[in-house]
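This report concerns only the one structure given below.
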Amino acid sequence: MFISRSSLWTDLDCADMGKTFEYLERSKPLPINVSLHRDEVTSSHCPFFKIVPHALERLESLSVDPGNLQEIVPHLSSSAPLLRELSVRGCGGAPRRTPMLTSALFNGDLSSLRKLYLEYVITELPWRNMVNLTTLALVNVFQPAVRQLLDFFESAPHLREVELHSSSPTYDAEGGRLVSLGSLKCMCIDGSGKHSLLLDHLLIPVGARLEVEVDLPSPPIGNHPPMFFDNLRNIHNFTAIRLSDGGTLRSRMDLSGPNGRVIIFPSVFQPNTPCLSLGSLVQFDTSKTERLEIIYGGPAASDSPQQTLLSMEELRALVLDGYGRPHAFIHTLDPSTNLLGDMVCPKLEELIIEYDEVLDITRVIGMAKARASRGAKLKLIRIAGKDKFAEIDTLELKKHASRVEC
């Protein structure tokens, strides 16, 4: 066990108790920090049990990582009005060594807390006055309910960073309930579970970062891109969202905003597998998206870009880097050939295509010509690939775009 004042740390054992009590007495009223390491609590004679009654009112931070927390938690029932950081780690796989943290912890008063880290504990997050809390991390916290998390979030209006690792809620809350995380800067959620159970009840501010890891089905769904969530209606203009998966396909989608960009990596390690991410964009409000990048991957035959692009009325730049079906995008962007005959992405300015397969330049020319004739002339068309186009085709393309790079 270590106890500190400022940067001074002292290793405690029974022989040091006299010096430690003297140290505590002489250092009043300065705050102290205590760190208890794993398996250092072996009996009731441990120095920890003798120090804590004299230290709780002065605790600024406490890190508890022992082998048996059940012996320690009852000694943490008095108020700790100065406590700013609390870290409690249990031991996975052993129920008797998994502590239950209730409102009795520090007499239910964690109002000064700034950072809370809980790992392998059982708790209903009962503390309600968390007005100073800015950082919350729950790691393998057993089956929190959505209602409990929402109650906790409502009591912590200044939360800036939230991490839920393998702590996805398993029970839903009452329908229609919404909780605003107005100060949120970053939220990370991973592990199994239905993340939408929680996200459907949260208002994520524009400019925050949301990182979510999801599991693709095994075996993957061939021609039907899976929906990562049931509903993300409360996430507007993206904030900044990263979707990844723990499977072999390694699909990933990064979204940022407001008025930001979308980057899709359909399959980093298996670029010839069907794109499982494009269809998932329909879950989001893409009406303010200005940049869409799709990097590698061959799309499923049924995965048409028309549905994806139709709502992107503010799109300025489209990047297709090694994407297996650029002609499907060109067809959709061409008002003379797309199914609706409408101007899709009317504000599009840049089209960048880097390809490995054969690209029909006549389709690109036709698309650029049709858009220019309707007042939506592209400012930049950049095409890079293994084949060079005939000079006559390049010259023709330059008639319909402000700048062409081939």
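Quick note: to get my numbering, add 2 to the position in the sequence shown (first position is 1). C-beta: ideal position from N, C-alpha, C; glycine also. What you are looking at is a predicted structure, and each value in this text was computed from that prediction instead of being measured.
* **Straight-line gap, residue 323 to residue 121 (C-alpha atoms, nearest Å)** => The straight-line gap from Cα to Cα measures roughly 41 Å.
* To do: With a threshold of 16 other CB atoms inside 10 Å of the CB of residue 39, please say whether the residue is buried or exposed.
  => The residue in question, residue 39, is exposed, as its Cβ has fewer than 16 Cβ neighbours within 10 Å.
* Between residue 188 and residue 210, which are expected to be in contact by the criterion C-beta below 8 Å, what is the C-beta distance as a whole number of angstroms? -> A Cβ-Cβ separation of about 7 Å places residue 188 in contact with residue 210 under the 8 Å criterion.
* What do you get for residue 360, buried or exposed, if any count of 16 or more other CB atoms within 10 angstroms of its CB means buried? -> With fewer than 16 other CB atoms across the displayed protein chains lying within 10 angstroms of its CB, residue 360 is exposed.
* Cβ-based neighbour list, residue 161, same chain, cut-off 7 Å, excluding 5 preceding and 5 following -> These residues qualify, in order along the chain: 135, 136, 138, 155, 183, 185, 186.
* Under the three-state DSSP convention, the category residue 167 falls into -> Here residue 167 sits in strand by DSSP.
* Uninterrupted alpha helix (DSSP H) stretches inside the segment 136-200 (no shorter than 4 residues) -> Within the segment 136-200, the runs of alpha helix (DSSP H) at least 4 residues long that lie entirely inside it are, in chain order, 148-156.
* Could you pull out every residue in the same chain whose Cβ sits closer than 6 Å to the Cβ of residue 330, ignoring the five residues on either side in sequence? => Cβ within range, chain order: 307.
* To do: Using a threshold of 8 Å, state whether the C-beta atoms of residue 166 and residue 118 are closer than that.
  => Taking the C-beta atoms as reference points, residue 118 is found no nearer than 8 Å to residue 166.
* **Same chain, Cβ closer than 7 Å to residue 109, five either side skipped, listed in chain order** => Cβ within range, chain order: 79, 80, 81.
* Where the alpha helix (DSSP H) through residue 237 begins and ends -> First-last for residue 237: undefined, no H or E at that position.
* **Under 8 Å between C-beta atoms of residue 325 and residue 363** => Cβ distance not < 8 Å, so residue 325 and residue 363 don't count as in contact.
* Asked: Comparing alpha-carbon positions, which option in 403, 174, 384, 33 lies nearest residue 83?
  -> Considering only 403, 174, 384, 33, the residue with the shortest C-alpha distance to residue 83 is 33.
* Asked: Hey, residue 90 and residue 123: beta-carbon distance below 8 Å or not?
  -> Their beta carbons are under 8 Å apart, which means residue 90 touches residue 123 by this criterion.
* Cβ-based neighbour list, residue 115, same chain, cut-off 7 Å, excluding 5 preceding and 5 following -> 85, 86, 88, 132, 134, 135.
* Expressed to the nearest angstrom, what Euclidean distance is found between the alpha-carbon atoms of residue 206 and residue 393? -> Near 51 Å, if we compare the C-alpha coordinates of residue 393 and residue 206.
* Pairwise C-alpha distance: residue 345 and residue 378 -> C-alpha separation (whole angstroms): 8 Å.
* **Candidates 57, 148, 258, of which the one nearest residue 37 by Cα** => Ranking the options by Cα distance to residue 37, first place goes to 57.
* Asked: Quick one: Cα of residue 351 to Cα of residue 190, how far?
  -> About 34 Å.
* Enumerate in chain order the residues of its own chain whose CB-to-CB distance from residue 103 is below 8 Å, with the five nearest sequence positions on each side excluded. => For residue 103, the CB contacts under 8 Å within the same chain, skipping 5 residues up- and downstream, are 75, 90, 120, 123, 124, 125 in chain order.
* Asked: How many Å lie between residue 334 and residue 199 at the Cα?
  -> Going by the C-alpha atoms only, they are around 35 Å apart.
* So what's residue 74 in DSSP terms, helix, strand or just coil? -> Here residue 74 carries a coil assignment [DSSP, helix/strand/coil].
* **Contact check, residue 370 vs residue 337, beta carbons under 8 Å** => No, they are not a contact pair.
* Asked: Looking at the unbroken alpha helix (DSSP H) that takes in residue 436, where does it start and where does it end?
  -> Outside the displayed span of the chain (3 to 408) sits residue 436, for which this structure offers no information.
* Should residue 63 go down as buried or exposed, given a rule of 16 or more other Cβ atoms within 10 Å for buried? -> Result: buried.
* If you run the structure through DSSP and keep just helix, strand and coil, what is residue 223? -> For residue 223, the predicted model reports a pLDDT of 41, less than 50, meaning its position is unreliable and no value from the coordinates is stated.
* For residue 109, which three-state DSSP category applies? -> Annotated three-state conformation of residue 109 is helix, per DSSP.
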